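Everything on this sheet refers to the single structure shown next.
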Amino acid sequence: MNTPTCTNCSRAAGPEDRFCGGCGNSLARKCLHCGQSIGFDLAFCTTCGAQAGTAPTTAKNEDRRRITVLFIDMAGFTSFSELADPEQIRTLQHEYFATLREVVRQYGGVIEKYIGDAVMAVFGAPVATEDDALRAVRAGLEAQRVLSRGRLGQLATFRVGVATGEALVDLGAAHDGGQAMVSGDVVATASRMQSTAPDGGVLVCDITADATKHEIDYAEQPMLTLKGRTTPRRLFLALSARLHRRDRDESTPMVNREHERGLLVTALHRMIRDNSPQLVTVFGPAGIGKSRILRELARHAERIPDVKVNWRVGHCPPF
Numbered sequence: 131m132n133t134p135t136c137t138n139c140s141r142a143a144g145p146e147d148r149f150c151g152g153c154g155n156s157l158a159r160k161c162l163h164c165g166q167s168i169g170f171d172l173a174f175c176t177t178c179g180a181q182a183g184t185a186p187t188t189a190k191n192e193d194r195r196r197i198t199v200l201f202i203d204m205a206g207f208t209s210f211s212e213l214a215d216p217e218q219i220r221t222l223q224h225e226y227f228a229t230l231r232e233v234v235r236q237y238g239g240v241i242e243k244y245i246g247d248a249v250m251a252v253f254g255a256p257v258a259t260e261d262d263a264l265r266a267v268r269a270g271l272e273a274q275r276v277l278s279r280g281r282l283g284q285l286a287t288f289r290v291g292v293a294t295g296e297a298l299v300d301l302g303a304a305h306d307g308g309q310a311m312v313s314g315d316v317v318a319t320a321s322r323m324q325s326t327a328p329d330g331g332v333l334v335c336d337i338t339a340d341a342t343k344h345e346i347d348y349a350e351q352p353m354l355t356l357k358g359r360t361t362p363r364r365l366f367l368a369l370s371a372r373l374h375r376r377d378r379d380e381s382t383p384m385v386n387r388e389h390e391r392g393l394l395v396t397a398l399h400r401m402i403r404d405n406s407p408q409l410v411t412v413f414g415p416a417g418i419g420k421s422r423i424l425r426e427l428a429r430h431a432e433r434i435p436d437v438k439v440n441w442r443v444g445h446c447p448p449f
């Protein structure tokens, strides 16, 4: 039988002792896996079966997912800083970073790091939404609008790069400007696009533009090979957010939704037949096709003979 020893002062204790007679430290021996007490004569925990004295291995809390990265930096501020008072520079920098933190937070992003005057924000991590790319582009446009109207707008210009791609996300990393949270080529791409963007512009990659083309007006730019790359890319300059969404090109058929579509069509025809309102709630996770099935119902309503259905759609932006 093992003799209990105080972990604080190494004094030997009796088998019935609960506290050390030398320092008063608790002599309880606990399983590092489940937290239950273990007798000193036991090699394994009788509650969970783990070996006594061994700590559980911590699995990496990482996730591979598609995210959108935004980089923004100031241009022309260095020349001003050469002549300005350090306190004035610090005041303007605080104003700059505070503005960006508020804009990024408004659109659901997280500031991952500060690099000099540059700021990197992530959309889609740690929490992913179905419109992360749109949030990032709108955040870039809003940042340009707000910063250009402030005191900094008279002293510097700003460049924004936005890229969408796959990354490895560390869900356990500290958020908002501390520990690195995402790793992947998309980070370097967004940074290089920022350095290529025109002053006052928001330059986005083709993946981002394709995901947001119904909500954002773009001007396609000449093909460009980014620094350190060998293949030219299609790039787009974001002009403005649209007040109304463009109709989507849905040439591909909707599949595996016959039952749900049938329920909606039945409710629509019941409304027409009985001249009475029908309430249907459609819910499901992001990207499952809720908006698509409603557009399919609207097309069906247009094809009903001798009936005119006034179709009204309301949108509540999440930002």
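Each residue of the sequence shown is one higher than the last, beginning at 131 in this note's numbering.
C-beta: ideal position from N, C-alpha, C; glycine also.
Note that this is a predicted model, so its numbers are computed, not measured.
Buried versus exposed, by CB contacts within 10 Å (16 or more), alanine 262: Alanine is not the amino acid found at residue 262; the sequence shown has aspartate there. Buried, because 16 or more other Cβ atoms sit within 10 Å of the Cβ of aspartate 262.
Pick helix, strand or coil for leucine 264, following the three-state DSSP scheme. Residue state, collapsed to three classes: helix.
In terms of residues, what are the limits of the beta strand (DSSP E) holding phenylalanine 149? That residue, phenylalanine 149, is in no beta strand (DSSP E); it is neither H nor E in DSSP.
Exposure of glycine 392, with buried meaning 16 or more beta-carbon neighbours within 10 Å: exposed
Whole-angstrom Cβ separation of serine 321 and glycine 291, contact assumed at under 8 Å? 7 Å
Cβ-Cβ distance between valine 249 and leucine 230 below 8 Å: Yes, the pair counts as a contact, with Cβ atoms nearer than the cut-off.
I'd like to check one pair, valine 316 with valine 234: are the Cβ atoms closer than 8 Å? Their beta carbons are not under 8 Å apart, which means valine 234 does not touch valine 316 by this criterion.
Could you say which of Cys446, Ala397 and Ala266 lies nearest to isoleucine 202 if we only look at CA atoms? Isoleucine 202 has its Cα closest to that of Ala266, out of Cys446, Ala397 and Ala266.
Do arginine 289 and glycine 331 have their C-beta atoms closer together than 8 Å? yes
Where alanine 286 falls: helix, strand or coil (DSSP): coil
Could you compute how far the alpha carbon of serine 167 sits from the alpha carbon of arginine 148? 12 Å
Looking only at its own chain, which residues have a Cβ that is under 7 Å from the Cβ of glycine 314, when we skip the five neighbours before and after it? Gly295, Glu296, Ala297 and Leu298
Alpha helix (DSSP H) containing lysine 420: first to last residue? From DSSP, the alpha helix (DSSP H) with lysine 420 extends over 420-432.
Across which residues does DSSP place glutamate 296 in a beta bridge pair? Arg196
Does the distance from the CB of aspartate 247 to the CB of phenylalanine 207 come in under 8 Å? Yes. Within cutoff.
Coarse secondary structure for threonine 135, derived from DSSP in three states: DSSP places threonine 135 in the strand class (E or B) of the three-state scheme.
Taking only runs that begin and end inside the region 353-401, name each unbroken beta strand (DSSP E) of 3 or more residues, in chain order. Listed in chain order, the beta strand (DSSP E) elements of length 3 or more contained wholly in the region 353-401 are 365-371.
Nearer than 7 Å: is that true of the beta carbon of valine 276 relative to any heavy atom of the ligand NAD? With respect to the ligand NAD, the structure offers nothing, as it holds no ligand at all.
If you run the structure through DSSP and keep just helix, strand and coil, what is tyrosine 226? helix
Is the beta carbon of leucine 333 closer than 8 Å to that of alanine 327? yes
Euclidean distance between Cα positions of leucine 367 and leucine 373: Rounded to whole angstroms, leucine 367 and leucine 373 show a C-alpha spacing of 18 Å.
Might you give, ordered along the chain, the residues of its own chain that have their beta carbon closer than 8 Å to the beta carbon of leucine 172, omitting 5 neighbours on each side? Ala182
Would you mind sorting leucine 356 into buried or exposed? The rule is 16 or more other CB atoms within 10 Å of its CB. Its Cβ being crowded by 16 or more others within 10 Å, leucine 356 is buried.
Distance, cysteine 335 Cα to leucine 277 Cα: 23 Å
Minimum C-alpha distance to lysine 243 - residue among Ala310, Val439, Glu217 and Arg281: Comparing alpha-carbon positions, the option among Ala310, Val439, Glu217 and Arg281 lying closest to lysine 243 turns out to be Ala310.
Could you check if glycine 254 is buried or exposed, using at least 16 other CB atoms within 10 Å of its CB as the buried criterion? buried
Flag this pair as touching only if the region 413-427 and the region 393-404 have three or more C-beta atom pairs under 8 Å; answer yes or no. yes
Please classify leucine 365 as buried or exposed, where buried requires at least 16 other C-beta atoms within 10 Å of its C-beta. buried
Go to aspartate 247, then tell me how far its beta strand (DSSP E) extends in each direction, as first and last residue. Unbroken run through aspartate 247: none, as it is neither H nor E.
What does the Cβ neighbour count give for leucine 213, buried or exposed, with the cut at 16 atoms within 10 Å? exposed
Residues near glutamine 223 by beta carbon distance below 8 Å, same chain, minus five either side: Here the set comprises Asp247.
Who are the Cβ neighbours of leucine 369 in its own chain at under 7 Å, not counting the five residues just before and after it? Asp347, Tyr348 and Ala349
Taking C-alpha atoms, which residue in Pro362, His344 and Gly358 lies nearest to glutamine 351? Pro362
Let me confirm a value: isoleucine 241 is counted as buried when at least 16 other C-beta atoms fall within 10 Å, else exposed. Which label applies? Label assigned to isoleucine 241: buried.
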